[in-house]
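Read the structure below first, then the notes.
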Amino acid sequence: MVQCFCGMVHDLGRRGFLGALMAAAVDAQAPAPASAGPADPALIEDLVIANHILYDQGVVDGFGHISTRHDKDQNRYFMSRSMAPALVTAEDILEYDLDSTPIDQRGRAVYLERFIHGEIYKLRPDVRAIVHSHSPAVIPYANVKVPLRPMNHIASFLGGGVPVFEIRTVAGPASDMLIRNAALGHALATVLGPHPVALMRGHGSVAAAQSVRHVVFRAVYTEVNARMESEALRLGEPTFLNDEEAAAAMKTNDGLVDRPWDLWKRRVTAK
Ligand SMILES: [Zn+2]
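Residues in the sequence shown are numbered from 58 upward in steps of one, following our numbering.
Shown next, in the form of structure tokens:
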């Protein structure tokens, strides 16, 4: 038994007071999770190029991020340290566990909203890459009760519906709008459900896919579709792809993502 600083009397058993203090010190500095080892260099190269493409295509600016799951471990993912995506190099890529704890941080700043990525990977084993952005044409559809729907076959991945995440339902009426902890990330991932894209009211959107190239395709064409839909709504009532057309077109497009990728990659690597 020992009288503690808090005034309470605690039974520390055989561990003793010094042992308890040492255990508390160890708990306070919980060891970083272990690395799953190096990724396929081609995966990291795609992730770096994707950062540059998303800027070049107007999906991200100084803000926004893209991640990919580790090719050797379902419970790890890669994402840049906190910086503008257009400036990312392979040296800036960090490994995270699915609680979004960096493996080898070495003093580098990490994205506040990294929980978006870890929590979606937890709920969606099929997802291998995620983009979070504030692309401007999409945000009106997050803030107005007009659904984002597929205008043409290229954006057919929007066919199954695009849910909207309302942060007030989880964080109350006075949040800073950021997905800054695991609980908010989990709530967003739950709203995303099985869909490829979800909107975030007053904030932006997330896109999820089976590869870096697929998720870049989806993030770019979500923005393009939002521009086209807004234009169509000024003219009249659009006829969208129905669910059957969207499902069939998505199947076709999923085999064609390398075509725009090669073009977008050449634009950012030729500079
Ligand atoms: Zn954000």
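Cβ coordinates follow ideal geometry from the N, Cα and C atoms, glycine included.
message = Going by DSSP, what residue range makes up the beta strand (DSSP E) through Met257?
response = 254-257
query = Buried or exposed: which applies to Glu286, given that a residue is buried once 16 or more other Cβ atoms fall within 10 Å of its Cβ?
reply = buried
ask   = Is it the case that the Cβ atoms of Glu170 and Ile236 are separated by a distance below 8 Å?
value = Cβ atoms of Glu170 and Ile236: closer than 8 Å.
query = With distances taken between CB atoms, is the gap from Asp154 to Arg138 smaller than 8 Å?
reply = Taking C-beta atoms as the reference points, Asp154 and Arg138 fail to come closer than 8 Å.
Span separating the alpha-carbon of Glu288 from that of Leu180 = Taking the CA atoms as reference points, Glu288 sits about 35 Å from Leu180.
inquiry  = My assumption, with CB atoms under 8 Å, is that Asn200 sits in contact with Arg258. Please give the rounded CB distance.
reply    = 6 Å
request  = Can you grab the Cα-Cα spacing for the pair Glu148 / Lys202, in whole Å?
outcome  = 42 Å
query = Comparing alpha-carbon positions, which option in Ala96, Leu151, Asp113, Ala99 lies nearest Leu320?
reply = Ranked by Cα distance from Leu320, the options Ala96, Leu151, Asp113, Ala99 are led by Asp113.
request  = With Phe135 as the anchor, note down where its beta strand (DSSP E) starts and where it stops.
outcome  = 133-137
inquiry  = Given a cut-off of 8 Å on the beta-carbon distance, is the pair Gly175 and Gly242 in contact?
reply    = Their beta carbons are under 8 Å apart, which means Gly175 touches Gly242 by this criterion.
query = Could you give the distance in angstroms between the alpha-carbon of Phe222 and the alpha-carbon of Ile123?
reply = 19 Å
request  = Would you kindly check if the distance between the Cβ of Ile150 and the Cβ of Leu104 is under 8 Å?
outcome  = yes
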